[in-house]
Structures are given as structure tokens and as C-alpha cells.
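Worksheet for the structure shown next.
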Amino acid sequence: FDALSSTKFGVAHNGKPVTFTGWYKYTPGNEYRDKKNNIVEGEIDKCAINAVLYEEELDKNGENVPLTGHDINTSDRVVMRASLQDTGAKSEWTEFTLPFESMNGKEYDSSKKYYLAIICSSSYKGDAYEGAPGSTLIIDSFKVVSE
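Numbering (our numbering), first residue to last: 964 to 1110.
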């Protein structure tokens, strides 16, 4: 079973995104583990909160080919991204306002079709099957403001 392919990211989105806002609390788990489940001494888990705008790409049936856990962080179809930088523990509700920044040398083009994905993880390397069991990310009140 290929779990990373099972998640299809994105919903159709109109307008150039400017900011991504919300609230979160985060507690890392006690023992960070690598993909072979070995404890990594001294490593502390971090969360990930991202919003991604990517270009439509059609398959032979005229349907968008969604980005998945395999390529949401690496695809050259990504045009803009808003990413939380302060990803450590937060015991109290913490507000964030993140600007969308251009990626891959691309700029938003209103004549193209785009998809917006919000991706959150209690382990920032969860897509590589690394992290601390018991890491907890609680999120609330997301908002994307677009032009």
C-alpha cells in the first residue's frame, strides 16, 4: 500500500493568495524515531503548517492530476507557498500570519487554473516516516486571503 499516493491535495482556487492565517498549539513527542523506528538521540520533532498553490495539469480524461504526499513539497507545478517557520513547541494557542511567496521561478497568472492545498503535520518529516510518536498538533481558524 502506497499511503503517500492516497492523499490527493488541493481544491480549485480562484485569485492570487496573499496570506494564510490561523491558530495552533504544538507538543512534540518524547522520542524522535527514524524511518526504521530507531530512536534518534538529541532530535526533537517539529510540526509543519503549509498552504500551497499549484498549477492545474490535465490527464487524458481532462481531469486535474492532483499532487500527492510524494510530490507536494517538490513539484515544479507549485507556484506559491506559505510556510510556518517557527515549528517548535507551543503550549498556548499561537496565531500565525504567513505570506504566500512565489516558488520555482513562477508568478501567479490569472489566465491559468490553480489548486490550493493546506497541509499540516505533527511531524515535519512525516512524509518520510520520521517523527516522534505522540507529537500533537492542534489547529483552528484557518483563512486564506486572496486578491
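From the three backbone atoms N, C-alpha and C, an ideal C-beta is built for every residue, glycine too. Model, not experiment: these values are computed from the prediction.
T1092 to I1081, Cα distance in whole Å? Inspection of the sequence shows that residue 1092 is occupied by Tyr rather than by Thr. Going by the C-alpha atoms only, they are around 19 Å apart.
Inter-residue spacing [alpha-carbon to alpha-carbon] between V1107 and G985: Going by the C-alpha atoms only, they are around 9 Å apart.
Go ahead and pull the three-state DSSP assignment for S969. The answer is helix: DSSP assigns S969 an H, G or I state.
So, do the region 1028-1038 and the region 976-992 have three or more beta carbon pairs nearer to each other than 8 Å? At 8 Å Cβ cutoff, the stretches do not touch.
Hey, A1112 and F1063: beta-carbon distance below 9 Å or not? The question about residue 1112 has no answer here: the residues shown for the chain are numbered 964 through 1110.
Where D1103 falls: helix, strand or coil (DSSP): In this structure, D1103 counts as strand in the three-state DSSP scheme.
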